[in-house]
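All the letters of the sequence shown, read from the start, carry residue numbers 212 to 375 under this note's numbering.
The structure appears right after this line, and notes come after that.
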Amino acid sequence: MIPLFRAAGMLALMVLGACSAEKHPLDRHLAQLRPVTVAALPDIGWPAGTALCPLGLYQSELSDPAPHADRVNAFLKQKQFLGDEGRWSLIVVKPLPAGDAGIEQLFFKRADYDVINDPQLIARDAETVPPGFALQTCVTVEQARVLVTREQRSHRKLIIFGTS
Numbered sequence: 212m213i214p215l216f217r218a219a220g221m222l223a224l225m226v227l228g229a230c231s232a233e234k235h236p237l238d239r240h241l242a243q244l245r246p247v248t249v250a251a252l253p254d255i256g257w258p259a260g261t262a263l264c265p266l267g268l269y270q271s272e273l274s275d276p277a278p279h280a281d282r283v284n285a286f287l288k289q290k291q292f293l294g295d296e297g298r299w300s301l302i303v304v305k306p307l308p309a310g311d312a313g314i315e316q317l318f319f320k321r322a323d324y325d326v327i328n329d330p331q332l333i334a335r336d337a338e339t340v341p342p343g344f345a346l347q348t349c350v351t352v353e354q355a356r357v358l359v360t361r362e363q364r365s366h367r368k369l370i371i372f373g374t375s
């Protein structure tokens with residue numbers, strides 16, 4: 212009887228492991244892009260007017276002049292969020308009433324690319340930024356583009372959200 216329970220437990224763990232390994236459609240999309248590319252985001256079903264605000268590694272808040280910064284930073288403070296080395300996140304701000312209603316935070320494991328949104332880091336690390344591409348701390352889904360470039364000192368891809 213015990214071997215049967217042990218086998219059932221192992222099967223359940225394997226199923227849970229397989230489910231947790233499923234990547235978000237955005238993560239799959241970003242992973243397949245090659246440098247140097249400026250690409251639109253796939254349709255993920257977010258309503259028109261939804262703002263996307265990426266937070267890079269170690270980043271725990273948005274800079275003040277960013278659209279929605281007050282709402283997003285209050286949301287992050289309430290969650291006691293602290294950015295770290297192993298993941299980046301995307302704050303999704305749906306066009307709803309004020310406060311944290313309509314704000315969602317998606318987490319992504321650090322993969323073969325890094326998401327950056329600091330102009331100083333971009334100037335220092337990005338190998339190429341094409342003319343006409345503009346970094347945006349928060350960008351609406353309708354206008355959102357991602358720049359995929361390489362880090363100057365390594366072969367890691369850099370993903371930068373903005374418009375073109």
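Just so it is clear, CB atoms sit at the ideal spot from N, CA and C, and this is done for glycine as well.
A buried status is given to residue 286, since no fewer than 16 other beta-carbon atoms sit within 10 Å of its beta-carbon. The Cβ-Cβ distance between residue 247 and residue 344 does not fall below 8 angstroms. The beta-carbon distance between residue 264 and residue 374, rounded to whole angstroms, is 14 angstroms. This is too long to meet the 8 angstroms contact definition.
Residue pairing of residue 299 in beta bridges, as defined by DSSP: 319. Bridge pairing for residue 356: 251 and 373 [DSSP].
Sixteen is the threshold: since fewer than 16 other Cβ atoms of the shown chains lie within 10 Å of the Cβ of residue 274, the residue is exposed. When DSSP states are grouped into helix, strand and coil, residue 288 belongs to the helix group.
Rounded to whole angstroms, the gap between the alpha carbons of residue 259 and residue 312 is 16 angstroms. The Cβ atoms of residue 356 and residue 251 sit closer than 8 angstroms to each other. The distance from the Cβ of residue 304 to that of residue 314 is about 5 angstroms, consistent with a contact at the 8 angstroms cut-off. As DSSP reads the structure, residue 293 sits in no beta bridge.
CA-CA distance, residue 297 to residue 233, rounds to 17 angstroms.
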